[in-house]
Amino acid sequence: MYQCRELLSGFEYHCIKGSTDVEISEVVNDSRKITKDCLFICIKGANFDGHTAAADAVRQGAAVLVVGHAVELPKDREVTVIQVEDTRYAMAFISANYFGNPADSMKIIGVTGTKGKTTTAYFVKYILEKAGYKVGLVGTIEIITGARVIPASNTTPESFVLQKYFREMKDAGCDAVVMEASSQGFMMHRTQGFVFDYGIFTNIEPDHIGPNEHASFAEYLACKAMLFRQCKVGIVNCDDKHWKQVTKGHTCTLETYGFDACADLRGSDLELVTGKGFLGIRFQVSGLLNMEIETDIPGKFSAYNALTAIAICRHFGVKEEDIKAALVGATVKGRIEMVRVSDDFTLMIDYAHNAMALESLLTTLREYHPKRLVCLFGCGGNRTKLRRYEMGEVSGKLADLTIITSDNPRDEEPLDIIADIKTGIGRTDGAYVEICDRKEAIRYAITHGQEGDIIVLAGKGHEDYQEIKGVKYPMDERVLIQEILDETKSGK
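In the numbering used here, the protein residues as written are 41 to 532.
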């Protein structure tokens, strides 16, 4: 049992009914999971408001309600009612207290930005583990608690779930946690209830603006900026033109990194590296540290991700040789992930699933001067057609050959989605082939690969399924590639 009063520390509240001295069995924020003597937090979601379930929660035995406004209650039941300004904000602190504030005894690293969060987080994990630390991870692809690996459903989980993961990490012996901190996570107070030891800003571009996301770019930026009022040390990319806006009103110590001469940790002398079946980069680091870095992930944005990770890990006293060794072999599932199939051409898998990401990826790969740049992609169903037109147009302009295929058609017909992509590519002179079955499309890309080609399979990235008519069928592009290579060898 837990003492209610002890769970209510760290935020303002008013006990408008009952007593905070009551004991509770557990904390619940889902009205379907009410148990006797629980504390129930009424959360307003997109489709359901927990306040409407308050009376039923009391009838089912809830001992404490945390509410944001007055609710109807049964007159014949005793219950403690705690009123707060924002129940999501309160939930973050209650959850942290409920799980014993595990973040207080680990180093918590939060990475925010439009691009680069995932790769940077893995780079940090690789470097710190090379130096002997045990590191938990919370990100877009997965959560690694040390004891478990859990597929991610949100970049930043709800505060209750996040604190539960922190508790698992602490119990598993983790020294540090690196997590992707999304703007939605800040806006919905998922990152309250603890303080980040290090807050990192990679970059910002107009994204996640629309219904159920952010009303404007200004709001998006303001949410990112919250990190620098929730961390002890802020580490920011000073090459991004918005960095001063993002850090305005900061309460942390600040340091900068980037390729600009004024950065505290500077990158320079960037070189593109090409090998048999892989691409990479090499660059110099100076300022707070001095060394040469090489990594087998292409593009200047990979240099930024590596530089970001170095800026973080230097605070952990990591040796230069550990940084170099971790970065040279670093790979991130579905993020420009090289898959070795031939010494003649380069094949990679990437999560680019909108026009902005695809344009950035293809522009970067163009810098390696391939004989041909081949782009294979599809678009998701139940999404705006505009994305299909834009991605078709981008690939038509930047790729020498586009292979149009299926992604997650969901409730739409794959051929209808492909027709929309063709509308976009029709605005260009780009060559394309249309192969609806994704495995057959990948087979075509591999069997028609030419010496010097760069082939990118875009859109699926780390996903290991294909969603059709509400059902997720197993489909991992790495598995498909291996099957194709095996079938090719056996003559099928």
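Quick reminder that beta carbons are idealized off the backbone N, C-alpha and C, glycines included.
Under the assumption that residue i contacts residue j (Cβ atoms under 8 Å), give the Cβ distance between them as a whole number of angstroms.
i: Q522; j: F385; result: Not really, about 17 Å apart at Cβ, beyond 8 Å.
i: R428; j: I457; result: 6 Å
i: G179; j: T195; result: 7 Å
i: L310; j: A351; result: Wrong, their Cβ atoms sit about 16 Å apart, outside the cutoff.
i: F133; j: Q232; result: 6 Å
i: K533; j: D460; result: Any question about residue 533 goes unanswered here, given that the chain covers just 41 to 532.
i: F234; j: Y129; result: Actually they are not in contact, since the Cβ atoms of F234 and Y129 sit about 13 Å apart, beyond 8 Å.
i: C292; j: G239; result: 6 Å
i: G58; j: V119; result: 6 Å
i: G186; j: M209; result: 6 Å
Less than 8 Å between the CB of residue i and some heavy atom of the ligand COA, yes or no?
i: K264; result: Here there are no bound small molecules, and the ligand COA is not part of this structure.
DSSP beta-bridge partners for residue i?
i: G176; result: V217
i: H91; result: Beta-bridge pairing links H91 to no other residue.
i: G298; result: R306
i: K57; result: V121
i: S222; result: Answer by DSSP bridge pairing: none, since S222 is not bridged.
i: F318; result: G315
i: Q506; result: Y513
i: S31; result: Residue 31 falls outside the range modelled here, since the chain spans only 41 to 532, and no answer is possible.
i: N448; result: Looking at the DSSP assignment, N448 forms no beta bridge with any residue, so it has no partner.
i: G239; result: G150, G274
i: I183; result: V178, I190
i: F417; result: I444
Counting only the same chain and skipping the five closest in sequence on each side, list residues whose C-beta sits under 6 Å from that of residue i.
i: C44; result: T60, V62, I64, V104
i: I337; result: I376
i: H282; result: I244
i: K322; result: Looking at the sequence itself, residue 322 is Arg, so the reference to Lys does not match. So the list reads E311, V313, E334, once near-sequence residues are dropped.
i: F226; result: C263, M266
i: K500; result: E517
i: R117; result: V98
i: V151; result: K157, T160, A161, E220, I240
i: C476; result: S446, P454
i: V473; result: I443
In chain order, what residues of the same chain lie with their CB nearer than 7 Å to the CB of residue i, ignoring the 5 residues before and after it?
i: F139; result: Q203, K204, F206, R207
i: A192; result: G179, T180, I181, E182, I183
i: I249; result: Any reading at I249 must be qualified, since the residue scores a pLDDT of 49, below 50, and its modelled position is unreliable; the value itself is stated next. Cβ neighbours of I249 beyond the five flanking positions: S256, F257, Y260.
i: E66; result: T75, C78
Can you give me the Cβ contacts of residue i inside the same chain, cut-off strictly under 8 Å, excluding the 5 residues immediately before and after it?
i: T404; result: P338, G339, K340, F341
i: R406; result: L413, L438
i: E125; result: E52, G108
i: L525; result: V381, I486
Which residue wins for smallest C-alpha separation from residue i, given the options the options?
i: D469; options: D447, R450, T442, E480; result: T442
i: D70; options: M41, G58, A102, Y53; result: A102
i: F236; options: Q270, F257, E245, R478; result: Q270
i: L294; options: C278, D460, R306, G307; result: C278
i: E452; options: E361, N422, D215, H290; result: N422
i: D516; options: L525, K115, E503, G150; result: E503
i: G85; options: M396, M228, K281, I134; result: M228
i: V325; options: I461, S446, Y297; result: Y297
i: V496; options: V379, V519, D526; result: V379
i: I167; options: M131, G369, I363; result: I363
i: H54; options: E46, S400, V106, E430; result: V106
i: F257; options: T242, K272, K284, S223; result: S223
i: G156; options: V519, E220, G357, R478; result: E220
i: G315; options: H409, S135, G357; result: H409
i: S382; options: N141, R354, F318; result: F318
i: A397; options: G239, I148, G432; result: G432
i: A212; options: G374, K174, V201, G420; result: K174
i: T287; options: F268, F299, D280, V273; result: F268
i: P454; options: E507, A471, A93; result: E507
i: T242; options: A392, V276, Y472; result: V276
i: R450; options: K411, E360, G420, K170; result: G420
i: N448; options: G418, Y391, Q123; result: G418
i: F299; options: H393, Y344, L401; result: Y344
i: E360; options: D144, A392, C82, N330; result: N330
Can you find a CB in chain C that lies within less than 9 Å of the CB of residue i?
i: V62; result: Here there is only one protein chain, and chain C is not present.
Where does residue i land, buried or exposed, given buried means 16+ other C-beta within 10 angstroms?
i: T487; result: exposed
i: C302; result: exposed
i: E198; result: buried
i: A216; result: buried
i: Y513; result: exposed
i: R467; result: exposed
i: L48; result: buried
i: H109; result: exposed
i: T158; result: buried
i: M146; result: buried
i: K537; result: What the structure shows of the chain is the stretch from 41 to 532, and residue 537 is not part of that stretch, so it cannot be assessed.
i: D96; result: exposed
i: S530; result: exposed
i: M388; result: buried
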